[in-house]
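In the working numbering, the protein residues as written are 5 to 591.
We treat Cβ as the ideally placed atom computed from N, Cα and C, and that holds for glycine.
These notes are about the structure you will find just below.
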């Protein structure tokens, strides 16, 4: 077999991995139908890590039942069933699935055009509605590398007004050792779940009274505001100015921007004085109005305008997930207006800003270039020109990227930055989107060197994406043990005796006056318990203070990761803390 063929059928190849997991979802469905024919099938795709299948079952899929399904899946793999694709006209396809008693499949087919030819895949006695692709045989799947990992409730089509289904999740690898390593990683991820840590550390809460609308608690607000302060500091360094635009703007603006036609299903709308308004799902149109509010010269460009704007997007309730998928969030937007010959330099400057921010959090990244989608505005020629500029800018910096065909924003191509956390998981946070459409729609202008009016081009860009989502990402990345500069409480004083309490208060006051976030534990508890609880709160520094320290004007320092650092003068500790915070040390 050639090297090219080896790569094509390698699990390292994302397309092959996706196909492998997609076929696993069919094996899962076949196993369920063999064991429990009364279960109705909905959909079963591959996902970023593994696969799932949504099913309508009259009974819950208990752990014992999941074990039986797994065993049947392994049996199907050993049977080496050939997967065969065939097509039927729409009406025949509907009849075919009606006869099989699969109402969800019938509904999916009914949504397709009348002249559509519907594809199916058959393996042994089992046939499923599917566009594919698939492996050629169930024998390609290693049975001992399969694991069903969870079963959760899921709404049909993500709609809370529709049927509640059961979603069985699974994962599979060609080798059992790879499966074992993955499961170990998942166990670690559960410990780091930001929803769990957010509650334990008092950062935020989620309530049924506002699904998708997180509540930030006092310590969470310290974290959020510290992150925002850092964002402002970096953007000032790179020459950005900051604006704030209204949350609600009228329909006329959203029609002009194109959002009313292309994004309305994700927008919250209202009527004020008989006129349609929408709560902004994006900051961009407001930024266009700010630019258009005064004349600009080529000497003003590039003009870098940032906004920490509160946006709202209608997400289906079934898609909501902690801080990762919410309906209301703070987007760290910026729009850079420039001349066409400045585009490459501005893109590279923006990537350097990204590098500085991500390295501060110990996050590496990969870049994805998303190209023209089917639903777009602007000419093909404009799109291709802008795509080439993005490619050249990145390539000249020595950075690699992968192409994501057809996934650009409706107004322009984009670079998406996928961050890798400490568990090797990736999160799409940063994006740079080229746009020559909105400046056209809003008739933005600048006076060129020739004295004539010209149209600027623009990039939309976010670094963190959503402040709230990024907090979720770094909570899991650091397992809640934030670097000292970011930690809601940087130092916790632990007096051993009542006599030492007064000195502890003096130390706390001195550190507070120096700008550090300090708490003192005055409870009448043993010092061992105080230390344990401070460790659970993931406070970076603990100062144990007894009578000796009070008399000598010293502190006994413990670090959450390094343990006992010994007794030292308060001034020495303060210098250590300053170096840690100022240099944004990760440990």
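Go through its chain and collect everything with a Cβ distance to residue i's Cβ below 7 Å, but skip five positions before and after it.
i, result
"residue 487", "588, 589 and 590"
"residue 485", "542 and 564"
"residue 516", "522"
"residue 520", "494, 495 and 581"
"residue 39", "72, 73 and 76"
"residue 296", "446 and 448"
Below 8 Å between beta carbons: does that hold for residue i and residue j?
i, j, result
"residue 341", "residue 372", "no"
"residue 54", "residue 85", "no"
"residue 218", "residue 327", "yes"
"residue 88", "residue 126", "yes"
"residue 227", "residue 407", "no"
"residue 350", "residue 299", "no"
"residue 185", "residue 145", "no"
"residue 442", "residue 462", "yes"
"residue 14", "residue 57", "no"
"residue 422", "residue 369", "yes"
"residue 216", "residue 249", "no"
"residue 285", "residue 316", "yes"
"residue 511", "residue 559", "yes"
"residue 446", "residue 255", "no"
"residue 24", "residue 152", "no"
"residue 59", "residue 46", "yes"
"residue 314", "residue 288", "no"
"residue 524", "residue 502", "no"
"residue 323", "residue 202", "no"
"residue 365", "residue 478", "yes"
"residue 345", "residue 450", "no"
Excluding five sequence neighbours on each side, which residues of the same chain lie with their C-beta closer than 8 Å to the C-beta of residue i?
i, result
"residue 102", "110"
"residue 417", "373, 374, 375, 376, 387, 390, 391, 394, 437 and 438"
"residue 83", "128, 142 and 143"
"residue 454", "none"
"residue 585", "488, 489, 494 and 520"
What are the partner residues of residue i, as DSSP defines its beta bridges?
i, result
"residue 438", "463"
"residue 225", "Per DSSP, none; premise fails for residue 225."
"residue 341", "307 and 462"
"residue 127", "87 and 130"
"residue 77", "Residue 77 pairs with nothing; no bridge assigned."
"residue 496", "523 and 546"
"residue 55", "50 and 174"
"residue 335", "313 and 470"
"residue 122", "92"
"residue 60", "44"
"residue 245", "309"
Applying the criterion that 16 or more other CB atoms from any shown protein chain within 10 Å of the CB defines a buried residue, is residue i buried or exposed?
i, result
"residue 276", "exposed"
"residue 121", "exposed"
"residue 5", "Per-residue confidence for residue 5 stands at a pLDDT of 36, beneath the threshold of 50, marking its modelled position as unreliable; the derived number appears in the next sentence. The residue in question, residue 5, is exposed, as its Cβ has fewer than 16 Cβ neighbours within 10 Å."
"residue 168", "exposed"
"residue 9", "Only weak support exists for where residue 9 lies, its pLDDT of 35 falling under 50; the coordinates are left without a value."
"residue 187", "exposed"
"residue 428", "exposed"
"residue 557", "exposed"
"residue 335", "buried"
"residue 274", "exposed"
"residue 292", "buried"
"residue 553", "buried"
"residue 401", "exposed"
"residue 27", "buried"
"residue 116", "exposed"
"residue 91", "exposed"
"residue 536", "exposed"
"residue 7", "For residue 7, the predicted model reports a pLDDT of 37, less than 50, meaning its position is unreliable and no value from the coordinates is stated."
Spatial neighbours of residue i within its chain, please: CB distance less than 6 Å, with the 5 preceding and 5 following residues excluded, ordered by chain position.
i, result
"residue 224", "207 and 208"
"residue 480", "196 and 198"
"residue 562", "546 and 568"
"residue 242", "357"
"residue 134", "125"
"residue 629", "For residue 629 there is no data in the structure shown, the boundaries of the chain being 5 and 591."
"residue 182", "none"
"residue 473", "327 and 328"
"residue 171", "56, 58, 156 and 158"
"residue 532", "none"
"residue 271", "282 and 285"
Sequence ranges, alpha helix (DSSP H) only - wholly within the segment 145-211, length at least 4
180-196 and 198-204
Tell me the start and end of each unbroken beta strand (DSSP E) in the segment 403-434 that is at least 3 residues and wholly inside, in chain order.
406-408 and 418-424
Complete runs of the beta strand (DSSP E) confined to the segment 501-575 [at least 3 residues]
522-524, 545-549, 558-563 and 567-573
What are the complete alpha helix (DSSP H) segments, minimum 4 residues, inside the segment 356-409?
384-400
Starting from the N-terminal side, write out each stretch of the alpha helix (DSSP H) that is 4 residues or longer and does not extend beyond the segment 254-281.
255-261 and 263-266
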